[in-house]
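Pasting the structure below:
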């Protein structure tokens, strides 16, 4: 046998091996697919009935892709309602600012009666990974937001404005906040939806329209843009009820208003204060201001 023939035979054998392997893969692929476990709710209906292959194997019908279920703020599978609409059961609230009125949690400050930042605190749970759904409205002026993964009792980190009563640390919340401000000025209006760290030296870590990420030993860095900050303000309803949703999973925290993603902060520092279980609450800031909250639903994944 000539050397050239041996080389040719070796080339043919090596070339056919991948093809043969591919054939085996094709024969076993339907069985592998049928062995997959998929949650029934995520299965797509088949566009045609199953068929039998040339080797007697069962071939599944081609799946028909489908859109997700539509946005629904009232979808509450797995949630519990944490405000009964009648009392502050489970909550800590300063009665000089907060009240319950017609099924709504209301915080209100008045012109000429200076009040510092104040918070109503939900004591029923400490949670890290969760979905929080609610409806919120702000009127008259001022602002505030939704506290989560927060703690109480930390003294205010900045000089307290003159003429205001001392802060009661029982109601003082420190931690991540989903902002919500009345549009007295363009700047104040642009805060709504952003990711803000209340009562710390971190400040704003994701402006509205941004996805930012902080890695260990590094500052937060812009990794993506959701949209223009001012244009996203068009999703915010003034003097009307707004759907507000917060999704927190590990280091990822998302703020959503009326079905529109507003800001995302990803904190990859596992020991960060932003990554610890904490309390949920609401802030009212400045005067005059009126903040109303209703239909507060919490789903925990801790």
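In mature numbering (1 follows the signal peptide of the UniProt record, and there is no 0), the protein residues as written are -35 to -1, 1 to 267.
Quick reminder that beta carbons are idealized off the backbone N, C-alpha and C, glycines included.
Small disclaimer: the values here were computed from a predicted structure and weren't measured.
Rounded straight-line distance, which links the Cα of residue j to that of residue i
i, j, result
"residue 184", "residue 203", "34 Å"
"residue 45", "residue 23", "44 Å"
"residue 64", "residue 261", "15 Å"
"residue 85", "residue 72", "8 Å"
"residue 158", "residue 190", "14 Å"
"residue 251", "residue 3", "51 Å"
"residue 5", "residue 28", "13 Å"
"residue 217", "residue 138", "21 Å"
"residue 94", "residue 32", "26 Å"
"residue 133", "residue 68", "26 Å"
"residue 80", "residue 129", "6 Å"
"residue -14", "residue 20", "For residue -14, the pLDDT reaches just 45, beneath the cut-off of 50, and the residue's location in the model is therefore unreliable, leaving the point undetermined."
"residue 164", "residue 30", "47 Å"
"residue 74", "residue 207", "21 Å"
"residue -7", "residue 16", "With a pLDDT of only 49 at residue -7, under 50, the local geometry of the prediction cannot be trusted, and the value read off the model is given with reservation. Near 14 Å, if we compare the C-alpha coordinates of residue 16 and residue -7."
"residue 210", "residue 18", "48 Å"
"residue 221", "residue 131", "34 Å"
"residue 103", "residue 236", "34 Å"
"residue 151", "residue 173", "13 Å"
"residue 226", "residue 124", "34 Å"
"residue 205", "residue 171", "25 Å"
"residue 147", "residue 153", "7 Å"
"residue 223", "residue 196", "14 Å"
"residue 238", "residue 115", "9 Å"
Cβ-Cβ separation, residue j to residue i (assumed contact under 8 Å), whole Å
i, j, result
"residue 198", "residue 91", "33 Å between Cβ atoms; not a contact."
"residue 253", "residue 76", "5 Å"
"residue 11", "residue 25", "7 Å"
"residue 212", "residue 96", "5 Å"
"residue 70", "residue 259", "7 Å"
"residue 118", "residue 249", "The pair is not a contact, with the Cβ atoms about 19 Å apart (cut-off 8 Å)."
Residue i CB to nearest heavy atom of the ligand MN below 7 Å
i, result
"residue 140", "Ligands are entirely absent from the displayed structure, and the ligand MN is therefore not among its contents."
Endpoints, alpha helix (DSSP H) assigned at residue i
i, result
"residue 155", "151 to 156"
"residue 195", "194 to 197"
Residue interval of the beta strand (DSSP E) (run including residue i)
i, result
"residue 88", "83 to 92"
"residue 165", "Here residue 165 belongs to no beta strand (DSSP E), and DSSP marks it neither H nor E."
"residue 260", "254 to 265"
"residue 73", "69 to 74"
"residue 230", "225 to 232"
"residue 210", "207 to 214"
"residue 204", "Neither: residue 204 is in no beta strand (DSSP E) and is coded neither H nor E."
- Touching by the beta-carbon criterion (3+ pairs, under 8 Å), the segment 82 to 101 and the segment 43 to 61: yes
- Sufficient close CB pairs (3 or more, under 8 Å) joining the segment 108 to 118 to the segment 227 to 237: no
- beta strand (DSSP E) segments (min. 3 residues) lying fully within the segment 100 to 153: 108 to 117 and 138 to 146
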